[in-house]
Every structure is written in C-alpha cells, then in structure tokens.
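In our numbering, the protein residues as written are 194 to 1004.
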C-alpha cells in the first residue's frame, strides 16, 4: 500500500524523517519497498497564467504563448498542447528546472525559429498519473503567480510503498498504519471517528435480501438523492493520485477515499439503472451465489461467465455486481446520475477469494476482503462516506435498508491470558545498557496498551488482555501477544544467543538412500527431470481441483510416466534428440478411504547410449529390450536390491508382450516395459522407447533393512569352480525367473551362480516351447569340488526342473 506522509500526518504525530520511519516500519514487520520523494519532481515549477496564445508561424501544431509568472516580465513559451489557451493558470517549468520523471533540464531554446523561455507542463511530465492529453489547467481562479506548484499538486509529499503481511489486514488503510506508527514511536493519534448519520427510515421502496448470511454477515444499502456528479475537490484527487488511484468523479472518488482511509470497501450504484435492470418501482438489493449460465459485464468492460462459486449483488434478483470484487457496467455511476444506492457490506474472505480467482480478477476491494475486513468498522466507514457525499456532492439521505446478522460486539471480544514468565522464556534476555536482563511488567503493559489492548493485571506477572476489534483476526493466542511485545520492543534490543552445545547433524537413512539412488541413475546416463504435479484433467482418471489457477493445471497427476512421455516428445520437437531421463515425485489417486498420495520414481529410455556414432554412419542405434533392462539391473545391483520380473499387460500404454511387473521381496515394486506401437506412432516417437515406474516407499522399506544397509562379508574362495551346462525345452509361458528360482533352490549349498546364455525358438523346437541353456557354477570355500560331489547336486537340479515344469532335457 502507498502511504502519503502528508495524509498520515493528519492522523498521527510523525516524529521521524521518512528514512527513519521506513526503517522503523520495516523492522516491525512492514517492509517498505520504496521511498518516493515527490518533492524533487517539480522543484522550480511555478504557477503561471497564459495571457496570450498565438499560432506558431512555422508549425501548425505549435502555439506561441505569453505567460506571466509574477516576475514582472512575461515569458515567451512555445507549447505543443492542443488545450492551451489564454486566461488559464498552468504549471510552468522555468529555465534551469530539472524534471526527473522525463529526465529533462529546461534551457532557453528556439523551436522552429521562435525562442522559448520555459515549458508549460502536463501532469505526466510532473510524474502524476492522468488520462488527459495536454497541459494541466488549474481549476482555481485568482491564483498567486510564481508560487510553488508542489503544495497544489501534492508534490510536497513523500510516499512510502509499504507491504503488509497476510495476517495484518488492519494495516491496509491509513488509519491502520497510523495506529501502528503511534504504537512504534509513542506518538499521539488524531483519529476522530465520523459523526453517525441521523436515523433514516424506510418507506418500503428499498429492501435487502441475503441468501447466505455466512457469506454476507452484514449489508447496508443507503439511498441518496439529488446528487450532483462533478470532479472531486483537489485535496481528494491529490490523495488518490498519491495512492496510485485515478480520480473519476466525486462519488466514486469518495468510496475509494474511504477505502484507503478506513480499509472498508464501498460501492455506489446508480439507483435508476438498478431499477432498469431489475424492473419494477421497488428495489430489492440481494446477495446470492450465481446460477450456472449467468454472466455479468464488469466495470473493466469484460463480460464474465459466472460459476456457482461467484458471490453476486443483485437488483430484484438480476446480477449487477461481483460482490467484493468489481461492480457491473450497467449500473455504474455516470455524469447523469442523480440518485445513488451506497453499498457498505461485509463479505466472507473465502467466498470473495474463490469468486475472484474463478473469474481471474483482483481489485483493491477483493484484496482487502480476502485478508479480512474489520467487522466493527463497517458503520464508521459507512458514516464517513455518507457525510462526504452529502458535503461534497450535495446528496440527501432518504432511505436505508439493513441486513445485519453479526453477533453482539460485547459477546465476541477476545480475552487472552498472558504470563510474564512465558514472555521471557520465549524471547530471552534484553540489552539494558552494558548489562542484560529480562523484560519487566511495565515493558509488556506499555507495548500492549500502545496497540490498543486493554491490559488488566490478575496477579504477579500475569495479565488478562482484551484484544481490540481491529486486531481480532490475528491476535488469538498467548504466543501472538508475545510476538507483538517483541515487535514493538524492538527485535534489535534482544540479546544474540547461541545454543549452549551444538550437535552434529545427520542425514536420515531414507534421504541418504534417495541420494544414492539419484547418483546411480545419473551414473547410468539418465538426466533428472522436474515437472509439475498439476496436469490437464482427463475424464475419470485424475483428481480435479475445485479451485484451480489455470485449466491446463487443474488436476493432480496419477503417475509419472505420462509426463515423461510428453517430455520425450517435447525434446524431439525442439530438436534435442531422444531423451534418457528420470523423475522423483508424488502421485495422487482416490480410494474408498479417501485421497491418497505416494512418492514414486520413474524413467524413460530411448536415446542412443553410445558415445560416438561413427560406426553406425551417424545414425542412432535403437536401444534393445535387454539394454534398457540392463540399465535397471545395474541400478538395482548398486542399490543391493534383488528384483524379479513377471509378465504384465495391464497398462494399455505399454507393449503387451514386452512389459514386466517388478517385484521386490514379494511386494509389487512397479512396472517396466516398451511403449505401445500405436502410442509411439501417435506421439511421433522412435521405434524403441522404454519406461519404468517404481514405488519409492516400497523400495526404501526394503533397502532400509539391516542386512542390506550393512552387508555381511563373505570370504572369497581360492579354489576353482566346477561348471555344468544344462539345456532343455520348456513351455514359453514359464518365465526364466521362475526357472532360475527353482535351480537356485535345488542346488542350494554348492551352487554359486546360475546364468542363462542361450535361448532359441524355431525349427526342431516343439510348438509352444523354447530351448533354454543355463550355465551353473558350483564352488565351496575350503576345497576343490570333485565330480562325485557335484553330480548328485546337478542331477537334483535336473530332476527338480522335470518335476516342477515338465521340461524335456537336452543335456
């Protein structure tokens, strides 16, 4: 929020210069992002009067003006503005003046042969926002020539750009900042609440109807007649410009002025336009949520399609305004407006936030409602606006309709118990000159009292603290009060302390394993990817967010493979070639018990892993199934995981004959397979692309076991191994993993390793079978095995295969 120091001085005593005040606010938690010293913007610019205006003899769009600035000698100034004329008061930059906003120093010059001794300025040239093209014309008459224009345009001011934290909605107003400055600097406050308006009756022509009192606890609709729409007084326009707002007309400017002053959004409707939209002679202002299919054209000229989460203001049940966000164009105040309906209302923060996001629109009003508006200040803001409208616009208050379901203020005051012992325990010692000590009861009482709290001692070092209404939202617990004590006492007044004894840090086992897993993946040539957990929704598969920021990112991903396939395709389209990558991230799904999420690791393989392509004439060599599987096997081997592969065809994105489910210690670990040819064709991917996805929790649970984390040392045998080959015909449906498992079981004791070295299908092989050949290595650590020791075990293996799988032995 932009804070005008000139305005702030009317609300609180300012004891510090702008830089000191900015530092004080920043240390107290209100970051001052910029100090805008406007006093330098128009140094040397004075009030002048155009006495005569003549066309330039050598240029159609230039004028030659005689300007009096009170020095006794008129200035000859060439001006290019179309609105310059005689007998007007204007800002004149004299020779030697520097205008920093346009980086121009005024010097004597000749323009098309005519001398010019200064410049008549526009507001833009002085750094002020305006939509008027041309020079600025003072609306006043009989002004003092040669006087400084800065006080007249609000350029004798300093603006602080202050950022308030999300929990301090009360400081989104000049009054809130004034209270904070008073508490921080022990200064006097000059805040005077406006006088309440006299009781206004209701003839029955105006009513308020609230469909959801939770979304709108209070609504004041006040009818004001005989309003004269005109430009606002200069003092209001100056303050609005200082806050970064554009003056529009007296009524709209008053609502914006009260918004900045008290933090309460207001809105003014043209009463006749409300009746025109709603129809009939009587007006019922309503608050309800939108129906599906409704639309509204807002003040920014855009027609917005409404959703059921949009909170609306209605006229006889016809939408006229997005409640708490922006008014409708059909009912806006215009030059011909004579009768008004002034809205002063409270809207629930969640309802306004959802409504604002659903239409992609934020405003000064929505920003305040989203953080929470002080419910106790509604009447104050309403009275202030009504008094200004009657005073400035000449309006007459004729009728008021009210719907107020707020609880009695006396029943909602918040009382918090505070202990001095707890304060010192949390905050620690403070500097007391050259010594250190603890906070005293007087320190706590003075700081909380300065914040507007009512502090009552209930014992030695204990208090009962009543929170003021404007701090009701953020002061809820004892720790909140302790934070306020520290903030106002000054964080720099507390001692710097370190823990008495430091302890060595450590990395949890699961994190250490994940780091090792990442390193193994990178060692195999895979690049780590990081993608959004939010994806475009697909019917029936994804968990859709109820309030997304963007339609393209409105659902939670159910797996990582889809994102990796899209990344592979994007890589190809950008000319970066095939991708070998992996990703670690969360996936989400829904079960009967509710929503679930888990950590997963997935990868995609399809790039040529060879370092050079000279041997293939520059062509990429497609990765085979066994090469892709070998990458996974190498990773598992480095991690110490014994993974089994089983045929799988449940994922339609994968090739039904080249997909395997992965199992670890009897638990399903994940899936590995080649992309389906149809999917490859649709995506324009290479011939051989492989993907895998593993449940990271299952993998870590197994790897965290002691026997894997701390492997047992086994001595190496110095004796030679006895190798035996075994070949047989086996049914195709029997997997190699099952056969290896049975061989290992049967040869337990002497069998050291078993390896498949040949597979054949074709002629001389029975239909539905394949020829497999394994090499078995037998070895013990204390002697060389003899044939008499090996043969019985080897025969046992052969018999087990025949009995278990019915294989036909060939050797």
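C-beta: ideal position from N, C-alpha, C; glycine also.
Three or more beta-carbon pairs under 8 Å between the region 485 to 493 and the region 399 to 417, yes or no?
Because the criterion of three Cβ pairs below 8 Å is not met, the region 485 to 493 and the region 399 to 417 do not touch.
Between 836, 963, 645, which lies nearest to residue 382 when the distance is taken from Cα to Cα?
Residue 645 holds the alpha-carbon nearest to the alpha-carbon of residue 382 among 836, 963, 645.
At which residue ranges does the region 300 to 373 contain complete beta strand (DSSP E) runs of 3 or more residues, listed in the order of the chain?
List check, beta strand (DSSP E) in window: 302 to 304, 307 to 309, 351 to 356.
Burial state of residue 503, where buried means 16 or more other Cβ atoms lie within 10 Å:
So residue 503 ends up on the buried side.
Please classify residue 891 as buried or exposed, where buried requires at least 16 other C-beta atoms within 10 Å of its C-beta.
It is buried - the Cβ of residue 891 has at least 16 other Cβ atoms within 10 Å.
Is it buried or exposed for residue 282, if we count other Cβ within 10 angstroms and need 16 for buried?
Per the 10 Å Cβ criterion, buried.
Candidates 227, 416, 476, 705: closest to residue 393 by CA position
Among 227, 416, 476, 705, the Cα nearest to that of residue 393 belongs to 416.
Counting pairs of beta carbons, one from the region 932 to 951 and one from the region 981 to 997, are three or more of them closer than 8 Å?
The region 932 to 951 makes contact with the region 981 to 997; the number of CB pairs closer than 8 Å reaches 3 or more.
Which residues in the same chain have their Cβ closer than 6 Å to the Cβ of residue 927, if we skip the five residues on either side of it in sequence?
Around residue 927: 998.
For residue 150, the residue or residues it bridges with in DSSP
Lying outside 194 to 1004, the shown extent of the chain, residue 150 is not represented and no answer is given.
Considering only residues of the same chain and omitting the five flanking positions on each side of residue 1018, which have a CB-CB separation below 7 Å?
There is no way to answer for residue 1018, as the model of the chain reaches only from 194 to 1004.
Under the three-state reduction of DSSP, which class applies to residue 199: helix, strand or coil?
Helix at residue 199.
Under the assumption that residue 365 contacts residue 519 (Cβ atoms under 8 Å), give the Cβ distance between them as a whole number of angstroms.
Residue 365 to residue 519, Cβ: 17 Å. No contact.
Supposed close pair residue 885, residue 864 - CB separation, criterion 8 Å:
Beta-carbon to beta-carbon, residue 885 and residue 864 are separated by about 7 Å, close enough to satisfy the 8 Å threshold.
Residue 769, buried or exposed, once every other Cβ within 10 Å from all chains shown has been counted against 16:
Label assigned to residue 769: exposed.
Can you find the residues in the same chain that come closer than 6 Å, C-beta to C-beta, to residue 929, ignoring five residues on each side of it along the sequence?
So the list reads 949, once near-sequence residues are dropped.
Roughly how many whole angstroms lie between the Cα atoms of residue 687 and residue 672?
Using only the alpha carbons, I get a separation of about 17 Å.
If we require 4 or more residues per run, which alpha helix (DSSP H) segments fall completely within the region 384 to 468?
Complete alpha helix (DSSP H) runs here, min 4: 427 to 435, 443 to 455.
Are at least three pairs of beta-carbons, each pair with one atom in the region 517 to 537 and one in the region 421 to 428, less than 8 Å apart?
Yes, they touch.
Hey, out of 386, 401, 703, 278, whose CA is closest to residue 510's CA?
Closest by alpha carbon: 401.
Going by C-alpha distance, which of 534, 791, 649 is nearest residue 657?
The shortest Cα separation from residue 657 among 534, 791, 649 belongs to 649.
Can you tell me which of the three DSSP states residue 971 falls into?
Three-state DSSP puts residue 971 in a strand.
With a Cβ-Cβ cutoff of 7 Å, do residue 258 and residue 243 count as a contact?
With contacts defined by Cβ atoms closer than 7 Å, residue 258 and residue 243 form a contacting pair.
Between which two residues does the alpha helix (DSSP H) containing residue 673 stretch?
671 to 682 is the extent of the alpha helix (DSSP H) around residue 673.
Beta-carbon proximity of residue 706 to residue 896, cut-off 7 Å
Result yes, Cβ atoms of residue 706 and residue 896 sit closer than 7 Å.
In angstroms, rounded to a whole number, what distance separates the CA positions of residue 882 and residue 823?
Cα to Cα, the separation comes out at about 14 Å.
Contact belief for residue 781 with residue 795 at Cβ below 8 Å, rounded distance in angstroms
Going by Cβ atoms, the distance from residue 781 to residue 795 rounds to 14 Å, so no, they are not a contact pair.
Identify which residue in 878, 712, 787, 270 has its Cα closest to the Cα of residue 815.
Among 878, 712, 787, 270, the Cα nearest to that of residue 815 is on 878.
Taking the C-alpha atoms as reference points, what is the distance between residue 813 and residue 820?
Looking at the two C-alpha atoms, the distance is approximately 14 Å.
Considering only residues of the same chain and omitting the five flanking positions on each side of residue 723, which have a CB-CB separation below 8 Å?
Excluding residues within five positions, the ones whose Cβ falls inside 8 Å are 776, 778.
Taking just the CA atoms, how far does residue 828 sit from residue 887?
The C-alpha of residue 887 lies about 12 Å from the C-alpha of residue 828.
Beta-carbon contacts of residue 426 that lie in its chain and below 6 Å, excluding the five residues immediately before and after
None.
Our contact map puts residue 273 next to residue 339 with C-beta atoms below 8 Å; I'd like the distance itself, whole angstroms only.
In this structure, residue 273 and residue 339 do not form a Cβ contact; the two beta carbons are roughly 24 Å apart against a cut-off of 8 Å.
List the whole-angstrom C-beta distance separating residue 390 from residue 368, where the pair is believed to meet the contact cut-off of C-beta under 8 Å.
Wrong, their Cβ atoms sit about 19 Å apart, outside the cutoff.
Three-state secondary structure (DSSP) of residue 779
In the structure shown, residue 779 adopts extended strand secondary structure according to DSSP, grouped into three states.
Residue range of the alpha helix (DSSP H) that residue 549 falls in?
In the DSSP annotation of this structure, the continuous segment of the alpha helix (DSSP H) that includes residue 549 starts and ends at 542 to 551.
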